[in-house]
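Here is the structure we will look at.
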Amino acid sequence: MDLFLQLLITGVMVGSIYALVALGWTLIYKCSGVLNLAMGELTLMGAYVCLSFYTWGIPFPLAVVGMLIIGFILGLLTERLFLRRMVGESILAVIMVTVGLSFFFRGIVAFTWGTDTRVFDPPVFPAEPIRWGRIVVGQVYVWSFVAALVMLVVFVAFFKYTRWGLSMQATADDEMAALSLGVSAHRVYALAWAIAFMAAGVGGTLLGNINGLNISVGYLGLLVLPAVVLGGLNSVPGAIVGGIAIGVLQNLSAGYLSRFTPGGIKEIAPFAFMVIILLFRPYGLWGWVKIERV
Amino acid sequence: MDERRSALQINNIEVMYHEVILALKGVSLEVPQGGIVGLLGANGAGKSTTLKAISGLLKHEDGEVTEGSIEFLGQRIDKKSAEEIAGLGIVQVIEGRRVFEHLTVEENLRVGAHLRGNGAHLRRGLDAVYHYFPRLKDRRDVQAGYLSGGEQQMTVIGRALMARPQIMLLDEPSMGLAPMLIKEIFEIITRLNREEGISILLVEQNVKLALATAPYAYVLENGRVVMDEPAEKLRENPDIRDFYLGLTDLGARKSFRAVKHYKRRKRWLT
Ligand SMILES: Nc1ncnc2c1ncn2[C@@H]1O[C@H](COP(=O)(O)OP(=O)(O)OP(=O)(O)O)[C@@H](O)[C@H]1O
Ligand SMILES: [Mg+2]
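Sequence order for the protein chains is L and P.
So that you can map any letter, position 228 of the first sequence is 228 in the numbering used here, and since no number is skipped, the others follow by simple counting.
To convert, take the position in the second sequence, counting from 1, and add 294; that gives the numbering used here.
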């Protein structure tokens, strides 16, 4: 029982990081219909930028803020330079552009920061774990959870209460109607990319604090796919729940199944799960079905 | 037509979709400041295309004004983006009650005020919408996808009102609604025109209703204006009586098919 709780709690905590990245992915998909296969590279870029700031001696919170600003700008630029010209092109062509972007960013990362694993040094979070009875959780997990939660709340509040947040939701619902009210679709797309960059950057930074940072953190970009499929691709709450579920699933499968397998079950489980979900719930758990009044 | 200054003037425009489909072939039209003008015509005549050409939405359907010009208060707008045009105070209510279905009624209205900012404007706008559509106030927290058809039509008109338009382009606001609701909505449209001074270009297939609301109307046919006259004259026009009002000189109502065949022989069908 203790093992189960332990796995569950750390699973939720890591899952909250996935949730953040999944939210960014969903936002782009919802607003502009782009299926973004470069999400993992967005997390890499953000994480390395933050790491650089931190290594230069900038305090961690400020390094994060700096990373958020750079992420925002990179998001706007990416949309402007690469995606805008693709508006109206076939879905497959747009997906291929995001694949191209992923190689492009990966190249930048490898060129600028090398391929060795880098760590946040000195460690940002105290090494001393937190104990609740017999359950022991590393502080880095707890703080990551808190940070991810804060970011999620900020984003959800942004969508719900701000002018641009509402206009983004409106564009996702009915782009033409939003245009008729003077909402610029280009700005909405650009904003979606900017927010995705910021969310991914925070996610990458937090994971980098847990495991160290190297190019394999970009695996997160693949991992969001089962999360968003579970959530239903275009649902923000779905992405959040999906991300957390994938974190838990990974941890439980690692805890209980890895002794029966030669290893790697943790990496495979989310995708096996995604296939099963797709078989039974092709729209995910919260996917939009068009509202039909009866 | 009217001595008042014109708000909107369309001069002989031609519209192409996808650079090959010619949808409008020389349409001219004028809406006086503070006036209501009707735009009538059968399915596919080009009514919605005309509205989209004005609002700039055309560009997002791969359409283009290839000839002629559109002027709003003397300023040329046919090359402007939809965003700029909305900013000038021209708001189109697109056909088919296109609410943002996952947003609540009030959130829909707030998106309407997108270009007008938050704060005092927003509050005043909401008060005005709830004044004209008290029913929306009761349903403000309901997801718009679950509203009745009439409430959805009210939401999209209210949403356009939030943009503080000088001219509203209404595309078939009566479509698919019960007669009682149609009456209510058209009364409100008339009040918006009278009390708020909003000019209105009204596209309708319900000709009787349109001619009762708009003192002047244009008839579109195959992308051309084939008639434009004051409403009372149009009501007396035998072609309009035949084709749109279903009151033929021969007495019996004709089926749509029969009317269509008959229509082909009419002289105003070039
Ligand atoms: N996006 C588009 N692409 C290509 N052709 C279009 C497009 N929209 C409209 N058309 C064509 O332009 C013509 C006019 O269409 P429009 O929608 O303006 O008619 P309408 O008078 O509004 O008809 P309805 O009463 O059915 O709404 C039609 O022949 C239509 O097929
Ligand atoms: Mg139409």
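Here a beta-carbon is modelled for each residue, glycine too, at the ideal position from N, C-alpha and C.
Go through its chain and collect everything with a Cβ distance to residue i's Cβ below 7 angstroms, but skip five positions before and after it.
i	result
Gly443 of chain P	Arg391, Gly470, Leu471
Val423 of chain P	Leu403, Leu430, Gly452, Leu455, Met456
Glu466 of chain P	Glu389, Val497, Glu498, Gln499
Ile130 of chain L	Val137, Gln139, Val142
Ile379 of chain P	Ser349, Gly350, Ile371
Ile95 of chain L	Leu35, Leu37
Val183 of chain L	Ser167, Ala170, Thr171
Asp356 of chain P	Tyr311, His312
If you drop the 5 nearest sequence neighbours on each side, which residues of the same chain put their C-beta closer than 6 angstroms to that of residue i?
i	result
Gln460 of chain P	Gly383
Gln303 of chain P	Glu324, Glu365
Gly75 of chain L	Trp193, Ala194, Phe197
Thr205 of chain L	Ala47, Cys50
Gly381 of chain P	Leu409
Glu400 of chain P	Arg434
Val224 of chain L	Val21, Ala22, Trp25, Met39
Leu278 of chain L	none
Val331 of chain P	Val325, Leu495, Ala508, Tyr510
Val188 of chain L	Cys31, Met168, Thr171
Gly247 of chain L	Gly11, Val14, Gly15, Tyr18
Gly413 of chain P	none
Asp543 of chain P	Confidence at Asp543 of chain P is low in this model, with a pLDDT of 45, below 50, so the placement of that residue should be treated as unreliable; the coordinate-derived value is given next. Same-chain partners within the cutoff: there are none.
Cβ of residue i within 7 angstroms of any heavy atom in ligand 1?
i	result
Lys341 of chain P	yes
Asn214 of chain L	no
Ile315 of chain P	yes
Asn337 of chain P	yes
His312 of chain P	yes
Gln447 of chain P	no
Val357 of chain P	Strictly speaking, residue 357 of chain P in this sequence is Gly, with Val absent from that position. Yes, ligand 1 has a heavy atom inside 7 angstroms of this Cβ.
Gln499 of chain P	yes
Could you check if residue i belongs to the surroundings of ligand 2, using beta carbon to heavy atom distance under 7 angstroms?
i	result
Glu389 of chain P	yes
Asp465 of chain P	yes
Might you give, ordered along the chain, the residues of its own chain that have their beta carbon closer than 8 angstroms to the beta carbon of residue i, omitting 5 neighbours on each side?
i	result
Arg106 of chain L	Glu41, Leu44, Ile215, Gly218
Ala301 of chain P	Val325, Pro326, Gln327, Gly328, Gly329, Phe366, Leu367, Gln460, Ile461, Ser493
Leu503 of chain P	Ser468, Ile476, Phe480
Ala93 of chain L	Met86
Ile135 of chain L	Asp2, Leu5, Gln6, Ile9
Tyr29 of chain L	Leu35, Asn36, Val228, Leu233, Asn234
Margin query: What are the residues in the stretch 372–400 of chain P lying within 9 angstroms of chain L by C-beta distance?
Written below: Ser375, Ala376, Glu377, Glu378, Ile379, Ala380, Gly381, Val385, Gln386, Val387, Ile388, Arg392, Val393, Phe394, Glu395, His396, Leu397
Checklist line | Inter-stretch contact at 8 angstroms, needing at least 3 Cβ pairs: the stretch 251–266 of chain L / the stretch 298–313 of chain P | finding: no
Notebook entry, point to check: In chain order, which continuous runs of the beta strand (DSSP E) of length 3 or greater are located wholly inside the stretch 64–147 of chain L?
Noted result: 130–132, 135–137
Next item on the list: Could you tell me whether the stretch 79–87 of chain L touches the stretch 231–249 of chain L, using the rule of 3 or more Cβ pairs below 8 angstroms?
Entry: no
Margin query: As an exercise, report each continuous beta strand (DSSP E) stretch of at least 3 residues that is fully enclosed by the stretch 358–403 of chain P, in chain order.
Written below: 384–387
Margin query: Taking beta-carbon pairs under 8 angstroms, can you tell me which members of the stretch 176–198 of chain L lie near chain P?
Written below: Met176, Ala177, Ala178, Leu179, Ser180, Leu181, Gly182, Val183, Ser184, Ala185
Margin query: Give me the subset of the stretch 239–251 of chain L whose CB atoms are less than 8 angstroms from a CB atom of chain P, sorted by chain position.
Written below: Residues passing the 8 angstroms Cβ filter: none.
Check: Counting Cβ pairs closer than 8 angstroms, one from the stretch 324–344 of chain P and one from the stretch 513–530 of chain P, do we hit at least three?
Finding: yes
Note to self: Quick test of the definition: if touching needs 3 or more C-beta pairs under 8 angstroms, does the stretch 519–528 of chain P touch the stretch 320–330 of chain P?
What the structure shows: yes
Notebook entry, point to check: What residues in the stretch 150–165 of chain L have a beta carbon less than 9 angstroms from any beta carbon of chain P?
Noted result: Within the stretch 150–165 of chain L, the residues whose Cβ lies closer than 9 angstroms to some Cβ of chain P are Lys160, Thr162, Arg163, Trp164, listed in chain order.
Margin query: Does the stretch 408–417 of chain P come into contact with the stretch 475–486 of chain P, if we say contact requires no fewer than three beta-carbon pairs (one atom in each stretch) closer than 8 angstroms?
Written below: Touching, no, given that fewer than three Cβ pairs across the two stretches are closer than 8 angstroms.
Next item on the list: Select from the stretch 135–149 of chain L all residues with a C-beta closer than 9 angstroms to any C-beta belonging to chain P, and list them in chain order.
Entry: none
Check: If contact means a Cβ-Cβ distance below 7 angstroms, which residues of the stretch 261–288 of chain L contact chain P?
Finding: Under the 7 angstroms Cβ criterion, the stretch 261–288 of chain L contributes no residue.
Notebook entry, point to check: Which residues, taken in chain order from the stretch 343–370 of chain P, show a beta carbon closer than 7 angstroms to some beta carbon of chain L?
Noted result: Taking 7 angstroms as the Cβ-Cβ cut-off against chain L, the residues of the stretch 343–370 of chain P that qualify are Ser349, Leu351, His354.
Next item on the list: State whether the stretch 484–498 of chain P contacts the stretch 520–536 of chain P, with contact taken as three or more CB pairs (one from each stretch) at a distance under 8 angstroms.
Entry: Look at the beta carbons and you see the stretch 484–498 of chain P not touching the stretch 520–536 of chain P: under three pairs across the two are nearer than 8 angstroms.
Item checked: Within the stretch 416–443 of chain P, ranges of the alpha helix (DSSP H) (whole runs, at least 4 residues) -> Qualifying alpha helix (DSSP H) stretches, in chain order: 428–432.
Note to self: Would the stretch 2–17 of chain L count as touching the stretch 241–260 of chain L if we require 3 or more Cβ pairs under 8 angstroms?
What the structure shows: yes
Next item on the list: Could you run through the stretch 76–96 of chain L and flag, in chain order, every residue whose CB is less than 7 angstroms away from some CB of chain P?
Entry: If the cut-off is 7 angstroms between Cβ atoms, the stretch 76–96 of chain L has nothing near chain P.
Notebook entry, point to check: Can you list, in chain order, the residues of the stretch 297–329 of chain P whose Cβ is nearer than 9 angstroms to any Cβ on chain L?
Noted result: none
Note to self: Quick test of the definition: if touching needs 3 or more C-beta pairs under 8 angstroms, does the stretch 16–24 of chain L touch the stretch 141–157 of chain L?
What the structure shows: Yes, since at least three Cβ pairs between the stretch 16–24 of chain L and the stretch 141–157 of chain L fall closer than 8 angstroms, the two stretches touch.
Check: the stretch 24–57 of chain L: which residues have C-beta closer than 7 angstroms to a C-beta of chain P, in chain order?
Finding: none
Check: Quick one: complete alpha helix (DSSP H) runs, 4+ long, within the stretch 209–283 of chain L?
Finding: Given a length threshold of 4 residues, each whole run of the alpha helix (DSSP H) inside the stretch 209–283 of chain L is given here in chain order: 220–231, 236–257, 265–280.
Next item on the list: Could you name each continuous beta strand (DSSP E) segment of 3 residues or more that falls completely within the stretch 475–511 of chain P, going from the start of the chain to the end?
Entry: Runs found: 493–498.
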